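See below for the structure under consideration.
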Amino acid sequence: MPRLLVLFSKTDVMKFIGHLDLLTLFQRAINRAGLPVRYSQGFNPHQKVGFAAPLPLGVEGLNEVAEITLEKYCEPYDAALSLAKQMPRHLFIKDARMAEEYEKKSAALACAAKYKIRPREGEETEVTLNLAGGLKQYMKEFKIPDYTYVSRIELLRKTESGLVPLYQIYKGNNHES
Amino acid sequence: MAYPDYCLAAVEKPGRYIGNEINIARKNVEDIDIRFAFCFPDVYEIGMSHMGLQIMYALLNERADTYCERSFAPWTDMEIILRQKNIPLLALETGDPLSLFDFIGFTLQYELCYTNVLNMLDLAGIPLFSSQRDEKAPIICAGGSCAVNPEPMADFIDFFYIGDGEACINDILDIYKANKFNHGTKREFLRNIRNVPGIYVPVLFDDSQDGSSKKTEKAFVSDLDSSYFPKSYITPLIETVQDRVSVEVFRGCIRGCRFCQAGYIYRPVRERSLETLIKQADDLIKTTGQEEISMLSLSASDYIHCNELITALTQKLSPIHVNVSLPSLRIDKVSLELMSKAGEIRKSGLTFAPEAGSQRMRDIINKGITEEEILRGIRQAFESGRNRIKLYFMIGLPYETEEDILAIPALAERVLDQFFSIPKDKRPKNGANISISVSCFVPKPFTPFQWVGQDTLETFRAKQNLIKRNLNRKIRFSYHDAEQSIIEAALARGDRKSGQAIYNAWKNGARFDGWSEKFSYIRWVESFTQTEIDFYAHRERTSDEVLPWDHIDVGVSKRFLIKEYNQAKSAQITPNCRESCGGCGIEGCIYA
Chain A
41 MPRLLVLFSK TDVMKFIGHL DLLTLFQRAI NRAGLPVRYS QGFNPHQKVG FAAPLPLGVE
101 GLNEVAEITL EKYCEPYDAA LSLAKQMPRH LFIKDARMAE EYEKKSAALA CAAKYKIRPR
161 EGEETEVTLN LAGGLKQYMK EFKIPDYTYV SRIELLRKTE SGLVPLYQIY KGNNHES
Chain B
530 MAYPDYCLAA VEKPGRYIGN EINIARKNVE DIDIRFAFCF PDVYEIGMSH MGLQIMYALL
590 NERADTYCER SFAPWTDMEI ILRQKNIPLL ALETGDPLSL FDFIGFTLQY ELCYTNVLNM
650 LDLAGIPLFS SQRDEKAPII CAGGSCAVNP EPMADFIDFF YIGDGEACIN DILDIYKANK
710 FNHGTKREFL RNIRNVPGIY VPVLFDDSQD GSSKKTEKAF VSDLDSSYFP KSYITPLIET
770 VQDRVSVEVF RGCIRGCRFC QAGYIYRPVR ERSLETLIKQ ADDLIKTTGQ EEISMLSLSA
830 SDYIHCNELI TALTQKLSPI HVNVSLPSLR IDKVSLELMS KAGEIRKSGL TFAPEAGSQR
890 MRDIINKGIT EEEILRGIRQ AFESGRNRIK LYFMIGLPYE TEEDILAIPA LAERVLDQFF
950 SIPKDKRPKN GANISISVSC FVPKPFTPFQ WVGQDTLETF RAKQNLIKRN LNRKIRFSYH
1010 DAEQSIIEAA LARGDRKSGQ AIYNAWKNGA RFDGWSEKFS YIRWVESFTQ TEIDFYAHRE
1070 RTSDEVLPWD HIDVGVSKRF LIKEYNQAKS AQITPNCRES CGGCGIEGCI YA
């Protein structure tokens, strides 16, 4: 089944929309856009839509990845455009591409992320943390208050040459930007 | 402006306060003559589930000269921060303070939200009493079903709008605009609208009258089919209580259950045509992308074309994975067939409201359903694979005896027996899961039971215990807080003097009284007095008493209500409107 990977940012007030609500938001946007989304089989069919990694409530994301399984191939650019039209402000669709067949699910690939943390005005740090509780641990260790501005700049995956941005294709030379 | 991040980051559900939803109106405030804040005095997830809000919001925003925005009661965690940081209550669309608006309109859907109205005004920095507000303050108005007895809130509200919102709101805004351009005063505006249907202006009410002089007649839409309905609904970004879109199949009800206020104040029955409903459903699904649509009415299976409607909608919507749901069903054969048609067959649970345990009691309240029908319906539900049945009952109904109370656990037990009388291979394998939920009767204005004295707290509790002691252990039991129901009754049948008690309660910290964990009975007893609670809630009134809402005319005659009350006394049922007209006096009824 073709999988559409959607690169998006979620900033401003949209950072206060939680993970499950974001899923509903995407599903309804897909419905309005009329994308040929795939439904799961069984008693209670649901759309096959997911995210690479949930964002904690209150944290903005600059390069988040959604993965939509489709019934049939569609032109990624058109899909991105029609989806973008259905999004609320501050949820910005930046790009879309089809996943390569050999590519694992983005949720399985994402393992770390680069964050920008600003505990106080003018005091800004960039850190790379693992997705398994890394941010929480960091905030606790450095006693950073809960309402601190935190931005997830980039989701990362592991390759032989180290951590690389999740959305980019690394095998083959077919990536266009 | 919007709420600052440090506020939002500190509350439990920040999504309630950010706006930015799909299909909201975006306008340039500079191009606008009238700013209207539609306020729902409960939390966002409840307010956004209300169809009236969607209709009024879209209707007001159709006007190029008007910008309607929304505001909801901030939950207590948000209130603490707003007060601490001195941040006023804002409207969701522009993030402007409510005090900048021309109108603040509240919808009063239940009495226990009254203190939230006061709290929202206070958080907006607006004086609570209309007598304390100057020309610069917004005009505060209120509508919704509770407005049929406006007196308890009359000290706080500049004008009430009684009846269907779609009917006359545009007339009000036209008059406001003309008055504004003529530099008229607020008082002049109120004088100018007092003769518009549905409008009640408390400060202009001459209370020397005995109720026989000029009444406020409710505003009403005579042709629902051609009345305004939005092409799109605001689609929230967070999950709401009723997380689905809904179309209104018909307004009013043919049944005439004697306890039910909606059954009287929304008369006459006005239906939408099949074509209109299908078109509206289609529009809403397309513009919202939501995955469920609900057929709203007081009794869905009473719609003449219900079968065709469900067939057409499921044919159209199932292929695109949209669920059609049918709330408010009666326990009859028709309803069950409709449900299986709507694809609700796969749902395991069913909710029915017999309301009373004994036939005598069901006849007293004019429920118009027999035990045989109830049991047959439930049996069919079991046979169709459902095993979770929830039954709603009410206690404290007029003329209720111990026998009537005992009939509730007895009926529940016979429901259980039905399950076991079905051969094992034909009933759900995982056993029967039966629960009963018992609420306390609240007498409401404009019903045949508006004169009834409500049970005392002790009596309610004794009756709850009686049920509990006699209920089969296999049946689950839940009941509604009697204390809340008593205050609901006191407010529902209150008068101008009740405003002081509402103010006291708010002053003493009452918020979200509809939420049992926030409600305090002691606080309300202290805010009223026990004598007043007895006077408003527990006292039986005589039919010749002048009632606080006698100056409001919802179209159903008092003579009819008295007649119905007398019928109840002798457990006489009144046929539904379609069978024969009971002569309620409503104008424009197709069954009269």
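So the protein lines, in turn, are chains A and B.
Using the working numbering, the letters of the first sequence correspond one by one to residues 41 to 217.
Using the working numbering, the letters of the second sequence correspond one by one to residues 530 to 1121.
Glycine included, each C-beta is placed from N, C-alpha and C at the ideal position.
In this text the structure is predicted, and so the values were computed from the model without any measurement.
Next on the checklist: Taking the beta carbon of Asp-118(A) as the centre, do at least 16 other beta carbons fall within 10 Å, making it buried, or is it exposed?
Outcome noted: exposed
Next on the checklist: List, in chain order, every chain A residue whose beta-carbon is nearer than 8 Å to that of Glu-768(B).
Outcome noted: Leu-60, Asp-61 and Thr-64
Checklist entry - Opposite Cys-597(B) in the DSSP bridges: which residues? => result Phe-565(B)
Next on the checklist: For Leu-75(A), tell me which candidate among Tyr-113(A), Phe-83(A), Leu-97(A) and Ala-139(A) has the shortest Cα-Cα distance.
Outcome noted: Tyr-113(A)
Checklist entry - Thinking C-beta only, is Val-778(B) closer than 8 Å to Leu-813(B)? => result no
Item to check | Glu-194(A) beta carbon less than 8 Å from that of Ala-153(A) | outcome: yes
Item to check | Proximal residues of chain A, C-beta to C-beta of His-850(B) below 7 Å | outcome: Tyr-79 and Pro-85
Next on the checklist: I'd like to know if Ala-810(B) contacts chain A, where contact means its C-beta is closer than 8 Å to some C-beta of that chain.
Outcome noted: no
Checklist entry - Are Arg-1005(B) and Ala-1034(B) touching if we call contact CB-CB under 8 Å? => result no
Checklist entry - Do Ala-531(B) and Tyr-187(A) have their CB atoms nearer than 8 Å? => result no
Item to check | When Gly-1028(B), Ile-893(B), Arg-917(B) and Ala-791(B) are compared against Thr-1103(B), the one with the closest alpha-carbon | outcome: Ile-893(B)
Checklist entry - Nearest-angstrom Cα distance between Arg-68(A) and Glu-820(B)? => result 8 Å
Item to check | Proximity test, Cβ basis, 8 Å: Asp-534(B) and chain A | outcome: yes
Item to check | Straight-line Cα distance separating Ile-209(A) from Pro-42(A) | outcome: 16 Å
Checklist entry - Tell me which same chain residues have a C-beta within less than 6 Å of the C-beta of Asp-831(B), skipping the five on either side of it? => result Ile-783
Checklist entry - Taking just the CA atoms, how far does Ile-898(B) sit from Glu-1108(B)? => result 14 Å
Checklist entry - Does the segment 1050–1069 of chain B come within contact of the segment 665–678 of chain B, defined as at least 3 CB pairs closer than 8 Å? => result no
Item to check | Under 8 Å by beta carbon: chain A residues contacting Pro-938(B) | outcome: Per Cβ cutoff of 8 Å: no residues; Pro-938(B) is ~34 Å from chain A at best.
Item to check | 9 Å Cβ cut-off: residues of chain B touching Leu-69(A) | outcome: It should be noted that the sequence gives Ala, not Leu, for residue 69(A). By Cβ distance, chain B contributes Ile-551 and Gly-818.
Next on the checklist: If the criterion is Cβ atoms closer than 8 Å, does the pair Cys-789(B) and Thr-976(B) meet it?
Outcome noted: yes
Checklist entry - Are there 16 or more other CB atoms within 10 angstroms of the CB of Thr-168(A), so buried, or fewer, so exposed? => result exposed
Item to check | Collapsed DSSP secondary structure at Asp-811(B) in the structure displayed | outcome: helix
Item to check | Per-residue contacts from Asp-186(A) into chain B (C-beta, under 7 Å) | outcome: Ala-538
Next on the checklist: Residues of chain B with CB closer than 8 Å to the CB of Gly-174(A), please, in chain order.
Outcome noted: Correct list: empty, because the minimum Cβ distance to chain B is about 20 Å.
Checklist entry - Which term fits Arg-787(B), buried or exposed, when burial requires 16 or more other beta carbons within 10 angstroms of its beta carbon? => result buried
Checklist entry - Are Val-967(B) and Tyr-1008(B) closer than 8 Å when you measure CB to CB? => result yes
Checklist entry - Going along chain B, which residues have a C-beta under 7 Å from Arg-129(A)? => result Asn-549
Checklist entry - To which residues of the same chain is Asp-984(B) closer than 6 Å at the C-beta, ignoring the five residues directly before and after it? => result Gly-925
Checklist entry - Closest by CA to Gln-993(B), which one among Arg-780(B), Ile-965(B) and Glu-866(B)? => result Ile-965(B)
Next on the checklist: Rounded to whole angstroms, what is the Cα-Cα separation between Leu-753(B) and Ile-1119(B)?
Outcome noted: 13 Å
Item to check | Near-chain A residues of the segment 598–629 of chain B (beta-carbon distance less than 8 Å), N- to C-terminal order | outcome: none
Item to check | Whether Ala-1021(B) touches Lys-1087(B) by CB criterion (8 Å) | outcome: no
Checklist entry - Looking only at DSSP bridge pairs, what is Lys-1006(B) linked to? => result Sequence inspection shows Phe at residue 1006(B); the Lys mentioned does not correspond to that position. Looking at the DSSP assignment, Phe-1006(B) forms a beta bridge with Ile-965(B).
Checklist entry - DSSP state of Leu-203(A), grouped into three classes? => result strand
Item to check | Which residues DSSP lists as bridging Gly-878(B), in chain order | outcome: Arg-917(B)
Item to check | CA-to-CA distance, Tyr-189(A) to Val-53(A), given in whole angstroms | outcome: 12 Å
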